[in-house]
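Student: Before I ask anything, let me first share the structure, which is written out below as structure tokens.
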Amino acid sequence: MIKIVQVCGGMRLFNQKLYKYSKSVQLKSSETFGEGFYSQQLFTSCLAEYAYYIESNKEAIIIDPLRDIQPYIDLAKERGATIKYVLLTHFHADFVAGHVSLKNQTGAQIIMGPNAEAPFINKIMKDGEMLNLGQIKVQALHTPGHTQESTCFLLHDKTGKKHSLFSGDTLFLGEVGRPDLAVKTDLSQYDLAIMLFKSLREKLMPLPDDVIVFPGHGQGSACGKNISSGYSCTMGNQKKNNYALQPMDYETFVGEVVRDLPKPPQYFFYNAGLNKNIFTSDLIEILKKSNRKLSPQDAKLKNTAQIIDSRNSISEGFIPGSINVPLQIPFAHWVGTLLPHNKEVIIVCEKGTEEQTIMRLSRIGYDNILGYMYFEDWQQAGENINKPTELEKQDFLKISQQGQGQIIDVRSMEEWRKGKLDNAKLFPLNELQSNVEKLNRDQQINIYCGTGQRAKIAHTLLVANGFKNVQYCKVGYDEIIKP
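Position one of the sequence shown corresponds to residue 31 (the numbering used here), numbered consecutively onward.
This is how it looks when you write it as structure tokens:
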């Protein structure tokens with residue numbers, strides 16, 4: 031009997047008994063009981079990332095592990111299994127993977143597909159090659175396109191049935207992997223998109239309709255343009271509903287895949303480099319070093335450090351020079367998009383979120399964290415603070431309609447096309463830092479976004495860049511335009 035937690039097109043057929051939540055690492059997991067195997071899909075919401083645990087006859091595989099590897103080790107121990115292999119679908123760009131740490135702690139072999147080169151790899155699987163695990167087999171399907179080494183892994187259960195596809199960043203629900211992340215190659219995004227077209231049609235679309243697709247990311251990840259909601263789906267459903275799998279020639283496909291592709295976050299290329307490095311620091315070491323409280327005086331002595339404020343509200347003020355990225359939004363994505371890795375980091379956080387903030391930063395390669403402090407301590411020490419000007423929607427709408435100052439929209443181009451405020455100019459948040467000189471420093475700057483969160487980030491970013499007359503709307507565009 032197979033029990034499966036499956037999501038197609040956002041409809042959830044969900045068994046609550048198979049749903050677990052670990053507060054310490056923010057992992058959600060769902061289970062599959064198949065013929066001769068057991069698996070878990072582990073979801074990390076802040077990165078919209080899926081890792082996988084597959085077990086047969088007490089032997090286990092981990093696919094695409096995060097840097098915080100303890101949940102995988104604990105799961106194998108709980109089930110009395112040994113982690114034998116770590117499979118990477120490709121060199122990840124959006125997070126620092128835990129493959130080397132898992133290898134060091136468990137003795138597991140690291141396996142990748144064709145074209146992968148790194149000193150830690152124990153085995154390169156050939157296209158079509160089978161890997162035995164207990165009573166099942168896992169087959170490598172080389173699917174270049176997202177990257178040159180991208181490989182999907184097809185699970186054959188003990189009866190030989192093609193059961194599930196672990197598609198990495200090649201195929202998502204309703205989307206495919208972006209083809210513009212080739213690092214230090216002479217391949218263009220168009221070259222990779224053509225490869226992706228062939229990979230999908232030659233390797234994945236011929237699979238049976240009942241094969242279950244388990245992707246590497248869910249909705250919200252920047253590894254695909256517009257990933258649908260859901261955790262998994264059948265191959266047949268994707269053939270019907272995924273635009274990239276519809277009948278078309280390669281030229282049409284390439285045009286669709288690269289159209290309106292946003293600029294990749296700057297941290298993607300940094301992380302891809304780290305994931306090829308055998309000397310990446312262990313997360314436990316980073317937590318030990320970084321999880322310490324700093325005084326205001328400590329922080330002032332480190333005046334070249336980048337202060338990252340992860341509080342969800344800055345109404346009471348914020349430290350001059352700090353950048354606010356609320357923990358409740360895609361925190362890692364926006365920090366990695368806006369802030370460089372080459373500076374020491376001091377965290378300003380809410381009490382109880384210290385370790386969580388450090389962990390989220392380290393997942394994307396921010397290892398040089400000096401420690402954390404609380405805004406209240408800074409305030410009570412009598413240090414200078416910046417007080418934001420937060421506008422209610424009626425006040426902001428009036429400013430927009432009257433064209434007072436500069437109306438700055440920091441949403442994406444896609445959001446902008448669906449509607450905008452009068453007299454607004456588009457400066458997407460991910461491009462704001464590189465375009466600050468296009469703003470008039472002598473005029474009032476009025477910022478809005480989709481929810482109010484990105485506007486807060488933009489406010490602190492501009493203030494840190496020396497702008498004096500900045501204010502933002504507390505709510506987003508849809509709420510602003512409501513009668």
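Each residue gets a CB set at the ideal place from its N, CA and C atoms; glycine is no exception.
Name the two residues that bound the continuous alpha helix (DSSP H) containing Asn301.
Tutor: Within the sequence shown, numbered from 1, the residue matching residue 301 stands at position 271. Element bounds for Asn301: 297-304.
Student: If you reduce the DSSP assignment to three classes, tell me which class Glu79 lands in.
Tutor: Working through the sequence shown from its first residue, we reach residue 79 at position 49. Strand, per DSSP.
Student: Could you check what DSSP says for Thr466 in three-state terms: helix, strand or coil?
Tutor: To locate residue 466, count along the sequence shown from 1; it is residue 436. A quick correction: the sequence has Val, not Thr, at residue 466. In this structure, Val466 counts as helix in the three-state DSSP scheme.
Student: Please give the ranges of any alpha helix (DSSP H) in the segment 399-435, keeping only runs that are unbroken, at least 4 residues long and fully inside the region.
Tutor: 405-410, 423-432
Student: Identify whether Asp221 lies in helix, strand or coil by the three-state DSSP scheme.
Tutor: Against the sequence shown, residue 221 aligns to sequence position 191. Asp221 falls in the helix class under three-state DSSP.
Student: Do the segment 391-405 and the segment 329-344 touch if we need at least three Cβ pairs shorter than 8 Å?
Tutor: yes
Student: Using a Cβ-Cβ cut-off of 8 Å (strictly less than) and excluding sequence neighbours within five positions of Gln436, which residues of its own chain qualify?
Tutor: Against the sequence shown, residue 436 aligns to sequence position 406. Lys455, Leu469, Asn470, Gln473, Gln474, Ile475, Asn476.
Student: So Pro245 is in the beta strand (DSSP E); what residue range does that whole segment cover?
Tutor: In the sequence shown, residue 245 corresponds to position 215, counting from 1. For Pro245, the uninterrupted beta strand (DSSP E) run begins and ends at 242-245, by DSSP.
Student: If you reduce the DSSP assignment to three classes, tell me which class Asp216 lands in.
Tutor: Within the sequence shown, residue 216 is the residue found at index 186, counting from 1. In the structure shown, Asp216 sits in coil (DSSP, three-state: anything other than H, G, I, E or B).
Student: Mind checking which residues open and close the beta strand (DSSP E) that includes Asp397?
Tutor: The residue labelled residue 397 in the question sits at position 367 within the sequence shown. From DSSP, Asp397 is part of no beta strand (DSSP E); its letter is neither H nor E.
Student: Find out if the Cβ-Cβ distance for the pair Phe183, Val168 is shorter than 8 Å.
Tutor: If you number the sequence shown from 1, residue 183 lands on position 153. If you number the sequence shown from 1, residue 168 lands on position 138. Yes.
Student: Looking only at DSSP bridge pairs, what is Ser60 linked to?
Tutor: Taking the sequence shown and counting its residues from 1, the one referred to as residue 60 is at position 30. Answer is Gln71, bridged to Ser60.
Student: Whole angstroms is fine: what's the gap from Leu118's alpha carbon to Asn152's?
Tutor: Mapped onto the sequence shown, residue 118 falls at position 88. Mapped onto the sequence shown, residue 152 falls at position 122. About 12 Å.
Student: Tell me the DSSP secondary structure of Thr264 in three-state form.
Tutor: Numbered from 1 along the sequence shown, position 234 holds the residue referred to as residue 264. Three-state DSSP puts Thr264 in a strand.
Student: Please classify Val55: does DSSP put it in a helix, a strand, or coil?
Tutor: As a first step, residue 55 must be located in the sequence shown, where it is residue number 25. Interpretation of Val55 is limited by its pLDDT of 34, a score under 50 that renders its predicted location unreliable; the figure taken from the coordinates is listed afterwards. In the three-state reduction of the DSSP assignment, Val55 falls in the coil class, being assigned neither a helical nor a strand state.
Student: Which residue's Cα is closest to the Cα of Phe67: Lys88, Glu79, His120?
Tutor: Counted from its first residue, the sequence shown places residue 67 at position 37. When Lys88, Glu79, His120 are compared, the shortest CA-CA separation from Phe67 is found for Lys88.
Student: For Asn134, report the span of its alpha helix (DSSP H) as first-last.
Tutor: Residue mapping note: residue 134 aligns to position 104 of the sequence shown, counting from 1. Element bounds for Asn134: 129-136.
Student: Would you mind listing the alpha helix (DSSP H) stretches within the segment 294-369 that are 4+ residues and don't spill past its ends, in chain order?
Tutor: 297-304, 313-320, 326-331, 361-368
Student: Here's the rule I'm using: 16 or more other beta-carbon atoms within 10 Å means buried, otherwise exposed. How should Glu315 be labelled?
Tutor: Here residue 315 corresponds to residue number 285 of the sequence shown, with the count starting at 1. Glu315 should be labelled exposed.
Student: Using CA coordinates, which residue listed in Gly64, Lys114, Gln431 is at the minimum distance from Ala21?
Tutor: Coverage of the chain is limited to positions 31 through 513, which leaves residue 21 absent and any answer about it impossible.
Student: Measure the C-alpha to C-alpha separation of Leu96 and Gln336 and round it to an integer number of angstroms.
Tutor: Mapped onto the sequence shown, residue 96 falls at position 66. Mapped onto the sequence shown, residue 336 falls at position 306. About 25 Å.
Student: Using a 10 Å radius around the Cβ and a threshold of 16 neighbouring Cβ atoms, would you call Ile140 buried or exposed?
Tutor: Sequence index remark: in the sequence shown, residue 140 carries index 110 (1-based). That one is buried.
Student: I'd like the list of long-range same chain contacts for Gly128, defined as Cβ closer than 6 Å, with 5 residues on each side in sequence excluded.
Tutor: Along the sequence shown, read from residue 1 onward, the residue named residue 128 stands at position 98. Around Gly128: Pro95, Leu96, Arg97, Ile99.
Student: Run through the DSSP bridge pairs and tell me what Glu205 is partnered with.
Tutor: On the sequence shown, residue 205 is found 175 positions in, with the first residue counted as 1. BP columns for Glu205 point to Phe202.
Student: Measure the alpha-carbon distance for Lys512 versus Gln424 and round it to whole angstroms.
Tutor: Walking along the sequence shown from the start, residue 512 turns up at place 482. Walking along the sequence shown from the start, residue 424 turns up at place 394. Distance between the alpha carbons of Lys512 and Gln424: 10 Å.
Student: So, with DSSP's three-state summary, where would you put Asp279?
Tutor: Residue mapping note: residue 279 aligns to position 249 of the sequence shown, counting from 1. Looking at Asp279 - three-state DSSP - the assignment turns out to be coil, as it is neither helix nor strand.
Student: Taking Val206 and Gly395 to be in contact with their CB atoms under 8 Å, please state how far apart those CB atoms are, rounded to whole angstroms.
Tutor: Translated into positions along the sequence shown, residue 206 becomes position 176. Translated into positions along the sequence shown, residue 395 becomes position 365. Taking C-beta atoms under 8 Å as the contact rule, Val206 and Gly395 fail to qualify, at a distance of about 25 Å.
Student: Within 10 angstroms of the Cβ of Glu85, are there 16 or more other Cβ atoms? Answer buried if so, exposed if not.
Tutor: Residue 85 sits at position 55 when you count from the first residue of the sequence shown. Buried: at least 16 other Cβ atoms inside 10 Å.
Student: For Thr177, count neighbouring Cβ atoms within 10 angstroms of its own Cβ and tell me buried if that reaches 16, exposed if not.
Tutor: Locating residue 177 in the sequence shown gives position 147, where the first residue counts as 1. Looking at its Cβ environment, which holds 16 or more other Cβ atoms inside 10 Å, Thr177 is buried.
Student: Would Phe299 and Ala123 be called neighbours here (beta carbons separated by less than 8 Å)?
Tutor: Taking the first residue of the sequence shown as position 1, residue 299 is located at position 269. Taking the first residue of the sequence shown as position 1, residue 123 is located at position 93. Going by C-beta atoms, Phe299 is nearer than 8 Å to Ala123.
Student: Quick one: grab the DSSP three-state call for Val126.
Tutor: On the sequence shown, residue 126 is found 96 positions in, with the first residue counted as 1. Three-state DSSP puts Val126 in coil, outside helix and strand.
Student: What number of angstroms, rounded off, separates the C-alpha of Tyr502 from the C-alpha of Leu421?
Tutor: Here residue 502 corresponds to residue number 472 of the sequence shown, with the count starting at 1. Here residue 421 corresponds to residue number 391 of the sequence shown, with the count starting at 1. Approximately 6 Å, taken between the alpha carbons.
Student: In the segment 440-505, which residue ranges form an unbroken alpha helix (DSSP H) of at least 4 residues, counting only runs that do not cross its ends?
Tutor: 443-447, 459-462, 483-494
Student: Is DSSP giving Glu85 helix, strand or coil here?
Tutor: Here residue 85 refers to the residue found at position 55 of the sequence shown. The answer is strand: DSSP assigns Glu85 an E or B state.
Student: With a Cβ-Cβ cutoff of 8 Å, do Gly29 and Ala146 count as a contact?
Tutor: Residue 29 is absent from the structure shown; the chain starts at 31 and stops at 513.
Student: Looking at Pro245 and Pro202, is the spacing between their C-beta atoms short of 8 Å?
Tutor: Residue numbering aside, residue 202 sits at position 172 when the sequence shown is read from its first letter. Residue numbering aside, residue 245 sits at position 215 when the sequence shown is read from its first letter. Note on identity: in this sequence residue 202 is Phe, with Pro being the wrong assignment. Yes, the Cβ-Cβ distance between Phe202 and Pro245 is below 8 Å.
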